[in-house]
Amino acid sequence: MGEGAWLVGFLVVQRGLELAIAARNTARLRGRGAVEFGAGHYPVMVALHATWLVTLAWAGYDRPVDVCWLGAFLMLQAARVWVIASLGRRWTTRILVLPGAPPVSRGPYRWLRHPNYLVVALEIAVVPLALGLPWVALAFTLANAVMLAWRIRLENQVLAWAVGQRPLPGANVSATLAKG
(Lines of atoms letter the chains of each structure in order from A; the text may use other names.)
(Lines give C-alpha, C1' and ligand atoms only; values in the text may rest on other atoms or scores of the structure.)
Protein backbone atom coordinates (compact mmCIF):
# COMPACT_ATOMS: atom_id res chain seq x y z
CA MET A 380 0.00 0.00 0.00
CA GLY A 381 1.44 3.37 -1.04
CA GLU A 382 1.64 6.62 0.89
CA GLY A 383 -1.32 7.95 -1.07
CA ALA A 384 -3.52 5.18 0.29
CA TRP A 385 -2.79 6.32 3.83
CA LEU A 386 -3.67 9.91 3.02
CA VAL A 387 -6.89 8.96 1.24
CA GLY A 388 -7.74 6.51 4.03
CA PHE A 389 -7.32 9.31 6.56
CA LEU A 390 -9.65 11.51 4.51
CA VAL A 391 -12.31 8.81 4.29
CA VAL A 392 -12.24 8.23 8.06
CA GLN A 393 -12.22 11.98 8.71
CA ARG A 394 -15.18 12.59 6.39
CA GLY A 395 -17.10 9.75 8.02
CA LEU A 396 -16.55 11.24 11.48
CA GLU A 397 -17.52 14.69 10.21
CA LEU A 398 -20.71 13.35 8.67
CA ALA A 399 -21.58 11.71 11.99
CA ILE A 400 -21.00 15.02 13.82
CA ALA A 401 -23.01 16.88 11.18
CA ALA A 402 -25.90 14.38 11.41
CA ARG A 403 -26.00 14.71 15.20
CA ASN A 404 -25.89 18.51 15.03
CA THR A 405 -28.48 18.59 12.24
CA ALA A 406 -30.90 16.46 14.27
CA ARG A 407 -30.35 18.65 17.32
CA LEU A 408 -30.89 21.86 15.33
CA ARG A 409 -33.99 20.50 13.63
CA GLY A 410 -35.32 19.53 17.05
CA ARG A 411 -34.93 23.17 18.07
CA GLY A 412 -36.85 24.39 15.01
CA ALA A 413 -34.07 25.08 12.52
CA VAL A 414 -35.07 25.91 8.96
CA GLU A 415 -33.12 24.35 6.08
CA PHE A 416 -32.36 26.15 2.84
CA GLY A 417 -30.98 24.78 -0.42
CA ALA A 418 -31.73 21.16 0.42
CA GLY A 419 -32.12 20.31 -3.27
CA HIS A 420 -28.44 20.87 -4.05
CA TYR A 421 -27.18 18.83 -1.07
CA PRO A 422 -27.02 15.51 -2.99
CA VAL A 423 -24.97 17.26 -5.70
CA MET A 424 -22.49 18.47 -3.10
CA VAL A 425 -22.24 15.01 -1.54
CA ALA A 426 -21.73 13.45 -4.98
CA LEU A 427 -18.98 15.95 -5.80
CA HIS A 428 -17.07 15.18 -2.61
CA ALA A 429 -17.59 11.43 -2.91
CA THR A 430 -16.37 11.50 -6.51
CA TRP A 431 -13.31 13.49 -5.40
CA LEU A 432 -12.49 10.84 -2.79
CA VAL A 433 -13.03 7.97 -5.23
CA THR A 434 -10.85 9.71 -7.83
CA LEU A 435 -8.11 10.23 -5.23
CA ALA A 436 -8.31 6.58 -4.19
CA TRP A 437 -8.23 5.35 -7.79
CA ALA A 438 -5.48 7.65 -9.08
CA GLY A 439 -3.46 8.29 -5.95
CA TYR A 440 -3.43 5.17 -3.78
CA ASP A 441 0.06 4.10 -4.90
CA ARG A 442 1.55 7.59 -5.26
CA PRO A 443 4.16 9.12 -2.96
CA VAL A 444 3.07 12.10 -0.87
CA ASP A 445 4.88 15.40 -1.38
CA VAL A 446 6.01 16.60 2.05
CA CYS A 447 5.48 20.30 1.32
CA TRP A 448 1.90 19.78 0.18
CA LEU A 449 1.36 17.44 3.14
CA GLY A 450 2.42 20.31 5.42
CA ALA A 451 -0.16 22.56 3.78
CA PHE A 452 -2.76 19.82 4.23
CA LEU A 453 -1.93 19.52 7.94
CA MET A 454 -2.32 23.29 8.39
CA LEU A 455 -5.72 23.04 6.72
CA GLN A 456 -6.70 20.32 9.17
CA ALA A 457 -5.88 22.64 12.07
CA ALA A 458 -8.05 25.31 10.41
CA ARG A 459 -10.83 22.74 9.92
CA VAL A 460 -10.82 21.87 13.63
CA TRP A 461 -10.89 25.57 14.50
CA VAL A 462 -13.89 26.15 12.22
CA ILE A 463 -15.84 23.19 13.58
CA ALA A 464 -15.01 24.08 17.20
CA SER A 465 -16.04 27.71 16.62
CA LEU A 466 -19.47 26.68 15.33
CA GLY A 467 -19.83 23.99 17.98
CA ARG A 468 -23.24 22.36 17.90
CA ARG A 469 -24.25 24.60 15.00
CA TRP A 470 -21.68 23.07 12.61
CA THR A 471 -23.34 20.97 9.93
CA THR A 472 -22.96 20.22 6.25
CA ARG A 473 -26.36 21.74 5.47
CA ILE A 474 -27.58 25.33 5.39
CA LEU A 475 -29.64 25.49 8.56
CA VAL A 476 -30.86 28.60 10.35
CA LEU A 477 -31.95 28.51 13.95
CA PRO A 478 -34.58 31.25 14.33
CA GLY A 479 -33.54 33.84 16.87
CA ALA A 480 -29.93 32.68 17.12
CA PRO A 481 -27.35 35.29 16.16
CA PRO A 482 -24.74 34.40 13.54
CA VAL A 483 -21.52 32.95 14.97
CA SER A 484 -18.84 35.63 15.28
CA ARG A 485 -16.05 33.85 17.15
CA GLY A 486 -12.98 32.05 15.89
CA PRO A 487 -12.30 32.52 12.19
CA TYR A 488 -15.84 33.86 11.77
CA ARG A 489 -14.57 37.15 13.25
CA TRP A 490 -12.71 37.80 9.99
CA LEU A 491 -14.26 35.54 7.35
CA ARG A 492 -17.88 34.91 6.52
CA HIS A 493 -17.31 31.37 5.17
CA PRO A 494 -14.05 29.95 6.56
CA ASN A 495 -15.24 26.36 6.22
CA TYR A 496 -15.70 26.79 2.47
CA LEU A 497 -12.21 28.28 2.21
CA VAL A 498 -10.70 25.29 4.03
CA VAL A 499 -12.59 22.80 1.86
CA ALA A 500 -11.74 24.63 -1.38
CA LEU A 501 -8.06 24.67 -0.51
CA GLU A 502 -8.14 21.04 0.56
CA ILE A 503 -9.75 19.99 -2.73
CA ALA A 504 -6.71 21.47 -4.48
CA VAL A 505 -3.96 20.61 -1.97
CA VAL A 506 -4.62 16.88 -1.51
CA PRO A 507 -4.38 16.00 -5.22
CA LEU A 508 -1.28 18.19 -5.51
CA ALA A 509 0.25 16.30 -2.57
CA LEU A 510 -0.29 13.14 -4.61
CA GLY A 511 1.10 14.62 -7.83
CA LEU A 512 -2.32 14.79 -9.49
CA PRO A 513 -2.68 18.36 -10.80
CA TRP A 514 -5.46 17.39 -13.23
CA VAL A 515 -7.57 16.17 -10.27
CA ALA A 516 -6.83 19.40 -8.39
CA LEU A 517 -7.89 21.52 -11.37
CA ALA A 518 -11.02 19.55 -12.31
CA PHE A 519 -12.43 19.37 -8.80
CA THR A 520 -11.44 22.92 -7.88
CA LEU A 521 -13.44 24.17 -10.87
CA ALA A 522 -16.43 21.92 -10.08
CA ASN A 523 -16.34 22.96 -6.43
CA ALA A 524 -16.12 26.65 -7.40
CA VAL A 525 -19.32 26.35 -9.43
CA MET A 526 -21.13 24.66 -6.55
CA LEU A 527 -19.79 27.10 -3.96
CA ALA A 528 -20.76 30.13 -6.06
CA TRP A 529 -24.38 29.02 -5.83
CA ARG A 530 -24.18 27.86 -2.21
CA ILE A 531 -22.41 30.96 -0.88
CA ARG A 532 -24.83 33.28 -2.68
CA LEU A 533 -27.76 31.43 -1.10
CA GLU A 534 -26.12 31.31 2.32
CA ASN A 535 -25.43 35.06 2.23
CA GLN A 536 -29.10 35.70 1.41
CA VAL A 537 -30.16 33.38 4.21
CA LEU A 538 -27.83 35.04 6.72
CA ALA A 539 -29.13 38.50 5.76
CA TRP A 540 -32.69 37.22 6.17
CA ALA A 541 -31.90 35.59 9.51
CA VAL A 542 -30.64 38.82 11.04
CA GLY A 543 -33.54 40.82 9.56
CA GLN A 544 -31.53 42.80 7.03
CA ARG A 545 -33.74 41.87 4.09
CA PRO A 546 -36.45 39.44 2.98
CA LEU A 547 -35.31 36.20 1.47
CA PRO A 548 -35.94 36.17 -2.29
CA GLY A 549 -37.84 33.07 -3.36
CA ALA A 550 -38.22 31.80 0.19
CA ASN A 551 -41.39 29.96 -0.74
CA VAL A 552 -39.41 27.94 -3.32
CA SER A 553 -36.01 27.26 -1.77
CA ALA A 554 -36.82 27.08 1.91
CA THR A 555 -38.27 24.03 3.53
CA LEU A 556 -39.07 23.57 7.15
CA ALA A 557 -36.60 21.04 8.40
CA LYS A 558 -38.33 17.98 9.74
CA GLY A 559 -36.98 16.05 12.70
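Under the numbering used here, the residues of the sequence shown are numbered 380 to 559, in order.
Think of the CB as a built atom: it goes at the ideal place given N, C-alpha and C, for glycine as much as any other residue.
Inset, instruction - Please say whether residue 510 and residue 413 have beta carbons closer to each other than 9 Å? - result: no
Legend entry - Contact set for residue 403: own chain, Cβ-Cβ below 7 Å, skip 5 residues either direction: none
Inset, instruction - Could you tell me whether the Cβ atoms of residue 400 and residue 463 are closer together than 9 Å? - result: yes
Inset, instruction - Output the boundary residues of the beta strand (DSSP E) element that contains residue 475. - result: 474-476
Inset, instruction - Given a cut-off of 9 Å, decide if residue 394 and residue 468 are closer than it, judged by their beta-carbon atoms. - result: no
Inset, instruction - Mind the definition here: the stretch 429-436 touches the stretch 484-498 only if three or more C-beta pairs lie below 8 Å; say whether that holds. - result: no
Inset, instruction - Locate the beta strand (DSSP E) running through residue 414, then write down its first and last residues. - result: 414-416
Inset, instruction - In the DSSP assignment, find the alpha helix (DSSP H) that holds residue 483 and state where it starts and stops. - result: Taken as a continuous stretch (DSSP letters only), residue 483 belongs to no alpha helix (DSSP H), as it is neither H nor E.
Inset, instruction - Keeping to the same chain, check which residues put their C-beta closer than 7 Å to that of residue 537; ignore five residues upstream and five downstream. - result: 416, 474, 476 and 547
Inset, instruction - Consider the Cβ of residue 430: report whether some Cβ of chain B lies at a distance smaller than 9 Å. - result: Absence of chain B from the displayed structure is noted, only one protein chain being present.
Legend entry - Sequence-distant residues of its chain with Cβ nearer than 6 Å to residue 534 (five each side left out): 474
Inset, instruction - Kindly indicate which three-state DSSP category residue 493 falls into: helix, strand or coil? - result: coil
Inset, instruction - Compare the C-alpha of residue 485 against each of 479, 478 and 493 and name the closest. - result: 493
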